[in-house]
Amino acid sequence: MKVNIYYGGRGLIEDPTLYVINKIQDVLKEIRVNVGRYNLYEQKNGISMLPNTFKEADAVILAVSMEWYGVGGLMQTFLDSCWLYADKQRIKDIYMFPVVVATANGERKAVEDLRGAWELLGGRVCEGICTYVSNRIEFETNQVYASIIEKKAEEIYRIVSHKAPMLPNSINSCHVEIPSAGIELTPQESEQLSVYVADDSFVKKQKEDVEMLSQMYKSILGKKSQPDSEDDLLKKLEKAFNPKEASFKAVFSINLNDVNKTIVLDIDDGKLKSSYSSSAKADITVNAGKDVMSKITTGKTTFQGAFMSGLITAKGRLDLMRMFDRVFVFEY
């Protein structure tokens, strides 16, 4: 999966937009998403070439700092380039998540401008982040705000990985006539346009992966079974423990919401300590139902697969979900 971030601010250290997109970028990288970052202020002379970066993107994040009015000149120039030079057939498959962080009144208008522009380009528009910041320090140190941003990054991952369908709108239903003549291109722009081709092998592979996951989840949901008891869950976790790396160290805290209990798995030096307790030093905290954990411990789904499908939620070091599936091997 590839997600591109286009930042239209001035790059000032006090810009709270940088904090937001840096946190989104960190979360996406933790869950193995390939993230491309393009600071428009660094590429003022090459903005017209940036639409070429859409070729392998599954989603884009358009981030702007609203300092007084509108989305800013750099982002507007970038959107103009998308209208003139981008492959509209490619944009149709790309999800766009707007991020607007305002230090002045009017952040919602800026979000609507970004949404409207992407819809006119024919792309898929999703809910992003829209906020007003009066005190940068308070905003960046607020753990509640940080959690909201992290959950939005996880939502981006789920929407894009599942190729979520979108409802039609009037803009995409109406045919927009683009004149074929009258636009004079430079040699560089003409050369760039000539290489806008769809990566058929990549699209085909993504469709196959989505179909495989769809069939797997249908099979899981179609089989009804009784959830394991709490003691059975612990026994299965202990039995399935198979550390691949002796140096691996982590503490998993799994909250079973429906029975009000917490499983703590402390892995250190190739050994496992499991118990029903609570741990303040957990590296990752997971919220799951007992039935979901039963599916995981019986091999019907993976830890990471349950997170991707929204069956469980997590916070902390999200990269450990992949390691969980490596050190706990369950038989179906």
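Add 181 to the 1-based position in the sequence shown for the working numbering, that's all there is to it. Virtual Cβ for every residue (Gly too), placed ideally from N, Cα, C. Keep in mind the model is a prediction, meaning the values are calculated, not measured.
Let me check understanding here. Comparing Cα to Cα, which of the options lies closest to residue i?
i: I250; options: N316, I212, V282; result: Going by the sequence as given, residue 250 is Tyr instead of Ile. Considering only alpha carbons, the answer is V282.
i: I310; options: I329, F320, T479, I340; result: I329
i: I448; options: N436, N438, A463, T284; result: A463
i: T479; options: Y222, L499, L415; result: L415
i: I352; options: I493, G297, S395, I340; result: G297
i: S490; options: T234, V440, Q396, P349; result: Q396
i: E331; options: Q206, E195, V473; result: Q206
i: F422; options: D450, L437, N441; result: D450
i: L295; options: E419, Q257, N316; result: Q257
i: M182; options: R339, Y326, R317; result: R339
i: S458; options: A238, A244, K425, T443; result: T443
i: A238; options: R271, S246, M504, N436; result: R271
i: T483; options: V432, K344, L394; result: L394
i: K420; options: L437, A291, T494, K452; result: K452
i: G497; options: L193, Y222, P197, K204; result: K204
i: I477; options: F505, E389, E248; result: F505
i: I435; options: A495, K386, K454; result: A495
i: G254; options: R191, Q324, K471; result: R191
i: L199; options: V314, K236, K290, G287; result: V314
How should residue i be labelled, buried or exposed, when 16 other C-beta atoms within 10 angstroms of its C-beta is the threshold for buried?
i: M277; result: buried
i: G363; result: Confidence in G363 is poor, its pLDDT being 49 and thus under 50, which makes the residue's placement too unreliable to answer from.
i: L501; result: buried
i: K481; result: buried
i: V280; result: buried
i: T322; result: exposed
i: I337; result: buried
i: V510; result: exposed
i: S342; result: buried
i: S475; result: buried
i: K430; result: exposed
i: N185; result: buried
i: V508; result: buried
i: V376; result: Reliability of the predicted coordinates at V376 is poor, the pLDDT of 44 falling under 50, and no value is obtained from them.
i: Y188; result: buried
i: P368; result: Bear in mind that a pLDDT of 40 at P368, under 50, signals an unreliable position, so the number given afterwards is only what the model happens to contain. Exposed.
i: R305; result: buried
i: S361; result: With a pLDDT of 47 at S361, under the threshold of 50, the modelled position of this residue cannot be trusted; read the value that follows with caution. Result: exposed.
i: V391; result: exposed
i: D196; result: buried
i: V325; result: exposed
i: L348; result: exposed
i: K273; result: exposed
i: E335; result: buried
i: L193; result: exposed
i: P232; result: buried
Sort out for me which residues DSSP pairs residue i with in a bridge.
i: R218; result: I186
i: R305; result: Y276
i: A345; result: According to DSSP, which records beta bridges pairwise, A345 is partnered with nothing at all.
i: A244; result: Y188, V280
i: N423; result: According to DSSP, which records beta bridges pairwise, N423 is partnered with nothing at all.
i: S456; result: V445
Hey, could you find the ends of the alpha helix (DSSP H) residue i is sitting in?
i: I318; result: 317–322
i: I310; result: It is not in any alpha helix (DSSP H) - I310 instead sits in the beta strand (DSSP E) that spans 310–313.
i: G470; result: It is not in any alpha helix (DSSP H) - G470 carries neither H nor E in the DSSP assignment.
i: E211; result: 197–211
i: W264; result: 254–266
i: L501; result: 501–508
i: M489; result: 484–489
At what residues does the beta strand (DSSP E) containing residue i begin and finish?
i: L437; result: 431–437
i: G497; result: 494–497
Does any residue of chain B bring its CB to less than 7 Å from the CB of residue i?
i: M474; result: The structure shown contains no chain B; it is built from a single protein chain.
Next on the checklist: Within 8 Å, do at least three Cβ pairs link the stretch 262–273 to the stretch 209–224?
Outcome noted: Contact between the stretch 209–224 and the stretch 262–273 is absent, because fewer than three Cβ pairs lie under 8 Å.
Item to check | At least three beta-carbon pairs within less than 8 Å, the stretch 217–228 to the stretch 300–314 | outcome: No, because fewer than three Cβ pairs between the stretch 217–228 and the stretch 300–314 fall closer than 8 Å, the two stretches do not touch.
Checklist entry - Does the stretch 226–234 come close enough to the stretch 257–264 that 3 or more CB-CB pairs lie under 8 Å? => result A contact is defined here as three or more CB-CB pairs under 8 Å, and the stretch 257–264 meets this definition with respect to the stretch 226–234.
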